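Just so you know, we're using our numbering here: the sequence shown kicks off at 321 and counts up by one. Contents: one structure, followed by commentary.
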Amino acid sequence: MPCVKPDGTLEPMAQAIVRALRAPRTVEGVCEHLRLPLYRVRSTMRELCEAGLVAESDGVYGLTDSGRRRVEQMP
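Written as structure tokens, this is what we have:
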């Protein structure tokens with residue numbers, strides 16, 4: 321299931337992960353922070369990277385400028 325809906329909004333799991341990435345974290349760090357299984361977080365993070373909302377550097381993930389704007393627009 322895609323984490324970004326056709327209308328551009330994020331699925332609830334993606335919203336939670338993007339919010340968690342306001343502070344850079346590893347995939348494992350996101351899992352611990354949100355208490356979610358690794359496979360769910362990893363697949364959603366991959367989609368968020370492909371969507372240009374999240375970027376990875378040396379195993380640490382953080383929001384791109386687009387991702388930060390998206391967080392600011394979330395209710």
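For every residue, glycine included, the Cβ atom is placed at its ideal position computed from N, Cα and C. It should be emphasised that the depicted structure is a prediction, and the values quoted were computed from it without experimental measurement.
Checklist entry - Quick one: is T364 buried, meaning 16 or more other Cβ sit within 10 Å of its Cβ, or exposed? => result buried
Next on the checklist: Tell me which residue opens and which closes the beta strand (DSSP E) that E348 is part of.
Outcome noted: Run containing E348: none in the beta strand (DSSP E); it sits in the alpha helix (DSSP H), V347 to L354.
Checklist entry - Under the three-state reduction of DSSP, which class applies to A375: helix, strand or coil? => result strand
Checklist entry - First and last residue of the beta strand (DSSP E) that includes L383? => result V380 to L383
Checklist entry - In terms of residue numbering, what span does the alpha helix (DSSP H) encompassing A334 cover? => result P332 to A340
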